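The working numbering puts the first residue of the sequence shown at 208, with every later residue one more than the last. Just so it is clear, CB atoms sit at the ideal spot from N, CA and C, and this is done for glycine as well. Note that the structure is predicted; figures quoted are calculated from it, not measured.
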Amino acid sequence: MDQISKISAILLLLFLTAAGSAVSQNWDYEKHPHLPFSIDHLDAELEIDDTGLIEGDLLYSITFRDADVDSLILHAPGIEMVNVVVNDESKNFYKENDKLVIYLDKEVGRGEEITLRIQYRSTPQFGLYKTENGSFWTSMLPGSTSHWMPVFDHPRVEFTSELVITHPSGKKVVANGRIGDTEIVSVNKELTTFIANKPVSPVGLSLVMGALDRIASTTHGEIREKMDQGTAALFQRRSDNQIHLFSETNSIDGAELIALAADTYAKAESFLDYPYPFRDLNIVVLKDDFWEVKPYGSGVLYLYKSKGDLERQVRMGVLSQWLGAYVREEQWDDPDAVNLLKAYVANELFSLDYRTGDVPSPYHKVSDQRVSQWQYFLKQNENEAFRRNLASAIGIILSETHKILDWNGLATVIYNNSGLRFFDPFPSVEIPAYEETGYEYQARMEWNEDDRTVQINFESLGEPIDELVTVQVSESTFQDDREHELTFTGRSDAIVLNVSAGVENLKLNVVNRDDLVLVENKPFQFWIYQLQNDDDPESRREAAKALSDFPDNPDLQLALTDMINGETDSNVYAEIIRSLSAITMGASGTDQIFLNHSSDRHPTVVRVAAIEGLAYFHNNDQVISRLRSIINQTDNSEMRRASIRSLYEATEPQAFRNITESLITRESVLYEVPKMLKLLAEHGEEEAAVQFSSTFLTEGFPYSIREEVLKLVIQYDNSRTGWENRLPDLLSDQDPRIRYQSVQGLEKLSENARIEMTQNRLSEEFDERVRRALRGVE
């Protein structure tokens, strides 16, 4: 090695050491990275198996942008390198601070082209998620792509690509670009090709494999027939870009979603006056979001059932192909220029509900919640000059291919175009929380038969109203009906009505307003009449519920039992059962009433009410047997939950423990496991609840179950040994939400053990949300 090469190597080593130190402190992409080469094209042969192991054979076409370059640096954290070849010659390489350094053995000049072949394998601990049904998909978090593919992982890099992906038979793969035919490689393997003839950035590369179905596509004539003529024309030819919709769940309307995506595509392309920037749009519907913040890549869009509001997800996700994936931020810490442009166009084209809620720092800046804040800001902001120039800036940014955009870049475009200064970012604006304004009053009736009067006492149950409220009073008698009108106001008020000697009931109705609720409290006789005679099922249900407040009335049980037989409405019937339960409270001889009504001869709502009533029959073997049977056999979650609760009330702690231990192994009750374990702990069996929880903390169970079980363990287990055993797995879990939540368990360790485990995890953790939680307990 000559003297110059030695100096270069030393400088490179110093650079990597400094960069490694910076990486340990900085989660974001580097601003203006050292990048003396461009990647023009990627040919990738990838194989992914059922364990998440990825084996790759990459061929990069590279052009050097500067002279005297003697090495290449790519990002490759956690990747095992097998071989590196440059222009058909094997090259020396080494890894330092998660970077792959490749020596070229000679200096190359500006404009010189090479091919770089890399063979590798990786089982990513970051950047690749695995769902409970065995699907794998890649993250869009900063730096995540380089965990499953060695690449210069940065928004400034982009290239065309051809991905040839080998995967298990029966599984479907979705990635960037146009999907080719799937070929059978062997009995157990298939091969699928994706070609992106328009550049994609590695930060927008994506891969998903699982039990997916292609449920809709714009290539289907019947789908295009449901679109307007102009939109359908965009997808007529084979050479046109197409939209494909894949899903791991059947509980969505594929035709409706793809029509919405196509409509957004057409409107965005027309409004922006700029063609769709990628090859095809592949949309994948997944059940769970795994705490992902950015749902889109270059020609790829994820929709998450767990996030709700699929219309907004589709609209914003398709729009983000232009403003987000094509025009993109360099750093997640400075994305507001892109967010603002996206918000502006969304406001111009669509009427969407805002997305609110907290997103942990620092990824909150690229979230849809942040875009919603900008939408709100633009609707409130009266600076017409800013709005006008924002519209002009979008066209300039797209036409002049300002693909990397930060706030200063946007302000510069506006300044160069108008001379107006907007270099200082606007302060963030919070969307005010929507609170339903309403009033609730109790209307307590005091009936004086001798005076033939009813005094109605209005008492505010919350914020009082400061204006007159008009109430229509319907009086029922054994002869006819009469109407009265009264008004009240303030925190409390009392009105005396003259009524007939034969009054049977009074019903109150607030006139001309729906923001005030009256809770009626009236005599027993009035409620009985209402239950027996009112034509409105909701009024009868209200009466049946109110009668539970009269447990001491000796005639009530018989009256309710008689009325069950004549009631035709299921909801009223169920409320009568509940009131009967409340007044009998497990009295001897009444168990058969509730056992009979819990059978499948009755509607579900009635069965649930009867099951709730069985809770009063402590240690009744027949009741316990019925409840266990329902838990095991029913497909109705409400009925199962009610049965579990009643079983808890009807059994002794040891018996409930034994029953719980046998039930939680059944797949049919999987989603009720957290509730059962919580009840077990409340029964004084904390140790058993923690012990049974261990199975459900492992990967492979749905997050909703794991989250609740982990909360229970954190609450009830304070043993150092228990946490020392479980934390290594929890803190390295593939789901960042579990890792984040598990940080609380570090507080259960001794100080030395906590510090050691925290330091070990910080060296391996790449999700900045989790890193910040870990640093909080150091």
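query                                                                                                         : result
Span separating the alpha-carbon of P810 from that of S527                                                    : 48 Å
Alpha helix (DSSP H) runs contained entirely in the segment 474-558, provided each spans 4 or more residues   : 517-526, 543-556
When P639, S667, L556 are compared against Y646, the one with the closest alpha-carbon                        : S667
Buried or exposed (CB count within 10 angstroms, at least 16 for buried), D688                                : exposed
Cα-Cα separation between T984 and R946, rounded to whole angstroms                                            : Checking the sequence shown, residue 984 turns out to be Val, not Thr. Approximately 14 Å between the Cα atoms of the pair.
Where T270 falls: helix, strand or coil (DSSP)                                                                : strand
Length of the line joining the Cα atoms of S707 and T684                                                      : 7 Å
CA-to-CA distance, V392 to H248, given in whole angstroms                                                     : 25 Å
Endpoints, alpha helix (DSSP H) assigned at G616                                                              : 614-625
Proximal residues to P331 (C-beta, below 6 Å), its chain only, five neighbours per side dropped               : H354, W355
Boundaries (first-last residue) of the alpha helix (DSSP H) holding E845                                      : 844-857
Beta-ladder partner(s) of F908, from DSSP                                                                     : E906
H804, enclosing alpha helix (DSSP H) - first and last residue                                                 : 798-804
Neighbourhood of G531 by C-beta, 8 Å cutoff - its chain only, sequence neighbours within 5 removed            : K501, Y503, V545, K549
Residues bridged to D575 [DSSP beta-bridge criterion]                                                         : For D575, which the question treats as bridged, DSSP gives no partner whatsoever.
F695: first and last residue of the uninterrupted alpha helix (DSSP H) it sits in                             : Counting along the chain, F695 falls outside any alpha helix (DSSP H), though it belongs to the beta strand (DSSP E) covering 688-697.
Cutoff 7 Å; reference Y301; Cβ partners in own chain excluding five residues on either side                   : V308
Bounding residues of the alpha helix (DSSP H) (the contiguous stretch that carries S900)                      : 893-900
Nearest-angstrom Cα separation, counted from L956 out to F271                                                 : 52 Å
Length of the line joining the Cα atoms of W498 and T399                                                      : 28 Å
N340 in three-state terms, based on DSSP                                                                      : coil
Local Cβ density within 10 Å of V230, reported as buried at 16 or more and exposed below that                 : At V230, the pLDDT of 39 sits below 50, so the modelled position is not reliable; the number obtained from the coordinates is stated separately. With 16 or more Cβ atoms within 10 Å of its Cβ, V230 is classed as buried.
Three-state class that DSSP yields for V815 in the structure shown                                            : helix
Cβ contact check for the segment 877-886 and the segment 912-928: 3 or more pairs under 8 Å                   : yes
Reduced DSSP secondary structure (H/G/I, E/B, other) of Y648                                                  : strand
Rounded straight-line distance, which links the Cα of W234 to that of S228                                    : The predicted position of S228 is uncertain, since its pLDDT is 40 and thus under 50; a value taken from the coordinates is nonetheless stated next. Approximately 11 Å, taken between the alpha carbons.
Which listed residue (K405, N404, I372) has its alpha carbon closest to that of T389                          : I372
Host alpha helix (DSSP H) of A766 (start-end)                                                                 : 763-773
Contact under 9 Å by Cβ, L348 with F359                                                                       : no
Per-residue DSSP class, three states only, for E262                                                           : strand
Exposure of E971, with buried meaning 16 or more beta-carbon neighbours within 10 Å                           : exposed
C-beta contact flag for T438 and V525 at 9 Å                                                                  : no
Delimiting residues of the alpha helix (DSSP H) encompassing L787                                             : 777-791
Distance, S579 Cα to D636 Cα                                                                                  : It is Val, not Asp, that sits at residue 636 in the sequence shown. Near 10 Å, if we compare the C-alpha coordinates of S579 and V636.
Own chain partners of I416 with C-beta closer than 6 Å, once the 5 adjacent residues on each side are dropped : Checking the displayed sequence, the identity of residue 416 turns out to be Met instead of Ile. Answer for M416: I255, F343, H374, K378, V380, listed in chain order.
Burial state of H825 (16 or more Cβ within 10 Å)                                                              : exposed
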